[in-house]
Amino acid sequence: MNKNISRIESVIKDTLKINPERADETQKFIDMENSEKISLLRKMIRIRRFEEKVTNYKLDGKILGPVHTCVGQEAVNVGVCSALSDHDYIVGNHRSHGYMIAKGAKINLLMAEIFGKSTGTNGGKGGSMHVSDISIGSLGASGIVGSGLPVACGAAFASQYKNDGKITCVFFGDGASNEGTFHECMNLASIWKLPIIFLLENNGVAVTTLLKGVSASLDLYHRAQSYGISSKQIDGQNVEEVYYTVKSAIASIKEGKGAVLIEAKTCRFHEHQEGHAYLRMSDVGYRDKQEVNYWIANKDPIKLFSNKLIAEDIIATSEIEHIYAEENHNIENAIAYADISSFPSNEDAYSNVFIK
Ligand SMILES: Cc1ncc(C[n+]2csc(CCOP(=O)(O)OP(=O)(O)O)c2C)c(N)n1
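Residue numbering for the sequence shown is 987 to 1342, as defined by our numbering.
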């Protein structure tokens, strides 16, 4: 038992170890309105409730195809997308529901897409791993690990070429940072000084492979330095730190200093993939319940931010409960919308295949 506890403590210490000497970006942007702070909290709650519902429906067999949720990682989604402008671009990966919601996706359409319905953001032909919506600047998502990086470099190059002032942010995990595309794209973005943010969500695990088993260093932001890209490691469970760091990165890119890499240390509370029979933490043994319970008790970004806002007298507990009730209601509506929508028709198989 004691041996197990010390193993868990050491995993926790390793996984969330963040450079304590990092510069505090929050000092540069201390003017955030209270209403904006509450909005950050609301968006995280929206994502959490959305993902919990999706998990239940997947486990009930009502959603076809793989589903990866971002429960525990909401502060990264919300901090980043709230710092970006509406016209900026994002490129996701297999775990993209949260980025979409944080960037302003309509949850009815997103839910319908995950249910594979024709009313979805992608006509029901994408499903959970391929959600995108050009109207909110979400360029695409893909289940091929590391494949978003070159797409994002292309978008950033187009913005640079057209001088349209837009910034592209690409989200990827620690697993993707071991793909060749990561290194190729970092080099390209550096020599072309592309207006791009590489947002590395380091949750310490890729499916069941612990980072510490495959990487000589648990600090991945150092990798950017070898490509001449400025980089920073931050606490991905602190939504304000994420927000301010991205604001600072945007300012630096707008000054013409080129690409930035941000490594947000974070934790995934759920399984890699909801309901996958062979990847359960308990069966595979890469993680156990005690460890996950530790994350939930101590590193839940919503609890941490709620407590901070309450302590600063910015919001009352009753108001937070009200936000939960409203978001629950909207998500129930989204489920009802997805449920009554129809699946794509046979003819739809031929639509949106070629550009006319
Ligand atoms: C090129 C490629 N290799 C392997 C896989 C199988 N796979 C799916 S998700 C995943 C892990 C990705 O880990 P990470 O990038 O850290 O993202 P996370 O799942 O932690 O969010 C892997 C290996 C894949 N989909 N594509």
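By construction, the Cβ of each residue, glycine as well, lies at the ideal position given by its N, Cα and C atoms.
Which of helix, strand or coil does DSSP assign to residue i?
i	result
CYS1056	coil
LEU1295	helix
MET987	The predicted position of MET987 is uncertain, since its pLDDT is 45 and thus under 50; a value taken from the coordinates is nonetheless stated next. MET987: coil per DSSP, three-state reduction.
PHE1329	coil
GLN1219	strand
VAL1191	strand
VAL1225	helix
VAL1131	coil
TYR1336	helix
LEU1197	helix
PHE1255	coil
State buried or exposed for residue i, treating a residue as buried only when at least 16 other CB atoms are found within 10 Å of its CB.
i	result
ASN1293	exposed
THR1303	exposed
HIS1080	buried
LYS1029	buried
ILE1093	buried
SER1337	exposed
LEU1366	Because residue 1366 is not part of the residues shown, which for the chain are 987 to 1342, the question remains open.
SER1163	buried
ALA1237	exposed
Identify the continuous beta strand (DSSP E) that holds residue i and give its terminal residues.
i	result
CYS1155	1154-1159
VAL1246	1246-1251
ILE1076	1075-1077
The alpha helix (DSSP H) spanning residue i covers which residue range?
i	result
VAL1040	1020-1045
PHE1168	1166-1177
ALA1210	1208-1211
GLY1126	That residue, GLY1126, is in no alpha helix (DSSP H); its beta strand (DSSP E) goes 1124-1126.
TYR1272	That residue, TYR1272, is in no alpha helix (DSSP H); it is neither H nor E in DSSP.
TYR1085	1083-1088
ALA1098	1093-1100
Between the C-alpha atoms of residue i and residue j, what's the straight-line distance to the nearest angstrom?
i	j	result
HIS1315	GLU1307	12 Å
MET1018	CYS1067	15 Å
GLY1090	ILE1122	6 Å
ILE1130	VAL1156	14 Å
SER1082	ALA1144	23 Å
ASP1101	VAL1053	Note on residue identity: the sequence assigns Phe, not Asp, to residue 1101. Going from the Cα of PHE1101 to the Cα of VAL1053 covers about 10 Å.
LYS1285	ASP1160	19 Å
HIS1169	PHE1158	13 Å
VAL1232	GLY1065	8 Å
Please confirm if residue i has its CB atom under 8 Å from at least one CB of chain C.
i	result
ALA1320	Although the question refers to chain C, the structure presented lacks it and comprises just one protein chain.
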